[in-house]
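Data block below; observations after.
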Amino acid sequence: MKAAVCPAYGSPDVVRLEDVPEPPLESGQVRVQVGAAAVNFPDVLLVADKYQIHVPVPFVPGSEFAGMVTEIAADADGFAVGDRVTGTGLFGAFAEQVCVPTAGLARIPDGVDDRTAAAFGVAHRTAYHTLRSVARIQPGDDVIVLGAGGGVGLAAVQLAVALGARVTAVASSDEKLSTAAQYGAASLITHKRGDLRTALREALPDGAHAVLDPVGGDLSEPSLRSLRRGGRFVTIGYASGVIPRIPLNLVLVKGIHVSGFQFQDIDPDEFTRNEAELRDMLATGAVQPHVGAVYPLDQVSTALRRVAEGRAVGKVVIELTPSADRSTPAKP
């Protein structure tokens with residue numbers, strides 16, 4: 047089969063298309079013919095060997111995919127050949143086939159194509175669990191979303207609006223902010239123009255209830271300063287490449303709650319509720335991922351570079367045809 051392979055650590059340019067053996071089907075696994083795979087920032091970090099988890103080379107990057115089940119191990123339950131599924135893993139998705147445990151899979155709702163399903167998973171799940179169970183957004187809350195043009199940021203804009211919040215979107219370009227506005231952002235700030243703290247004070251004179259930060263770097267402190275008393279600041283990641291240092295006196299003086307997001311920290315009952323709400327929004331079309339760029343499998347390095355350089359708007363998808371166009375007709 048064909049796969050995008052990282053033969054040595056480095057920039058996205060090291061990744062190349064190769065013919066590799068099909069992955070072995072192990073106990074408890076199913077084999078999936080990949081129709082589409084989404085690019086995430088951790089994929090870039092894994093290729094550079096800068097992620098918190100080390101993956102020995104050579105390996106196939108890619109952590110998010112959608113496709114069709116073609117083979118099932120004898121002891122694997124819950125799925126049948128022909129089922130359309132989406133799933134995540136640490137690596138392996140940028141290939142024509144992937145073998146994964148059934149626990150990491152979910153069925154794709156009727157009427158949703160592979161491209162949409164692949165783009166929806168990681169970003170929207172991260173954003174929604176953060177909004178619902180960490181930031182605990184309520185209707186009428188003012189929410190600052192940093193990196194509002196990226197995968198997680200744009201998903202957070204969409205979902206915060208769906209929860210009834212008023213969103214102030216912060217991004218690096220007019221293109222990204224224009225897209226955020228299409229998904230309901232009420233205030234738009236380009237952080238590369240002028241002082242961010244001043245711009246946030248003008249947009250939110252009474253302060254924000256919450257900040258969602260998947261960027262880090264120089265954006266974190268002025269955003270935290272823009273919170274009202276008792277506000278919530280959630281750190282999700284560091285797409286800027288810089289882990290910020292926050293003066294704790296700001297937290298003390300304003301009684302700010304600073305939290306980090308991890309899936310495993312979500313209350314199990316809330317996790318189940320959040321996942322069900324997300325599936326319903328995807329199935330009904332209430333929320334759609336924004337796919338800003340699509341590349342074929344032989345251009346994975348270009349797709350990774352687009353994400354690494356911060357040029358992605360929404361999600362970047364790797365499409366394997368013809369399976370990426372496959373979808374089950376919506377039920378009447």
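Straight run, no breaks: the sequence shown in my numbering ends on number 378.
Ideal placement from N, C-alpha and C gives every residue a C-beta, glycine not left out.
Since the structure is predicted, the reported quantities are computational estimates derived from the model, not experimental observations.
Q) Is the segment 344-358 touching the segment 53-63, taking contact as three or more C-beta pairs under 8 angstroms? A) yes
Q) Nearest CA to the CA of Ser218: which residue from Arg62, Phe87, Leu242 and Gln228? A) Minimum Cα distance to Ser218 is reached at Leu242.
Q: May I ask whether a heavy atom of the ligand MG can be found less than 7 angstroms away from the beta carbon of Leu350?
A: Among the components of this structure there are no ligands whatsoever, and the ligand MG is therefore not found.
Q: Assign Glu110 to buried or exposed, taking buried as 16 or more other Cβ atoms, counted over all protein chains shown, within 10 Å of its Cβ.
A: buried
Q | Where Lys228 falls: helix, strand or coil (DSSP) | A | The question names Lys, but residue 228 in the sequence shown is Gln. Helix, per DSSP.
Q. Which residue spans inside the segment 57-137 form an unbroken beta strand (DSSP E) run of at least 3?
A. 62-65, 75-85, 110-118 and 130-134
Q) Can you give, in chain order, each stretch of the beta strand (DSSP E) that sits fully within the segment 245-323 and has at least 3 residues? A) 254-259, 273-281 and 303-306
Q: Starting from Arg153, follow its DSSP beta bridges and name the residues at the other end.
A: Note: Arg153 sits in a beta bridge opposite Val131.
Q: Could you give the DSSP three-state label for Asp159: helix, strand or coil?
A: coil
**Q.** Whole-angstrom distance between Glu267 and Arg274, CA atom to CA atom
**A.** Spanning the two alpha carbons is a distance of roughly 14 angstroms.
**Q.** Where the beta strand (DSSP E) containing Leu366 begins and where it ends
**A.** Counting along the chain, Leu366 falls outside any beta strand (DSSP E), and DSSP gives it neither H nor E.
Q) Apart from the five residues on each side of it in sequence, which residues of its chain come closer than 7 angstroms, Cβ to Cβ, to Leu234? A) Ala215, Leu223, Ala226 and Ala227
**Q.** First through last residue of the beta strand (DSSP E) which encompasses Ser233
**A.** Its beta strand (DSSP E) spans residues Ser233 to Thr236.
**Q.** Which of helix, strand or coil DSSP assigns to Ala194
**A.** coil
Q: Count the other C-beta atoms from every protein chain shown that fall within 10 angstroms of the C-beta of His255, then say buried if there are 16 or more, exposed otherwise.
A: buried
Q) Run through DSSP, which three-state label would Asp326 get? A) helix
Q) Which term fits Ala120, buried or exposed, when burial requires 16 or more other beta carbons within 10 angstroms of its beta carbon? A) exposed
**Q.** Identity of the residues DSSP links to Asp188 by a beta bridge
**A.** Residue pairing for Asp188: DSSP places it in a beta bridge opposite Arg212.
Q.
Please return the same chain residues whose Cβ sits closer than 7 angstroms to the Cβ of Val106, not counting the five positions on each side in sequence.
A. Ala49, Ala50, Val51, Phe137, Gly138, Phe140 and Ala141
Q. Going by C-alpha distance, which of Gly277, Gly283 and Thr162 is nearest Val297?
A. Gly277
Q) Per DSSP, Lys48 is paired with what? A) Asp65
Q: Please go through the same chain and pick out, in chain order, the residues whose beta-carbon is closer than 7 angstroms to the beta-carbon of Asp313, but skip the five residues on each side of it.
A: Ser179
(Q) Using the three-state DSSP reduction, which class does Tyr174 fall into: helix, strand or coil? (A) helix
Q.
Residues in the same chain with beta-carbon distance under 8 angstroms from Val90, minus the five sequence neighbours each way, listed in chain order, please.
A. Pro58, Leu350, Val353 and Ala354
Q: Taking all protein chains shown into account, decide if Arg62 is buried (16 or more other Cβ within 10 angstroms of its Cβ) or exposed.
A: exposed
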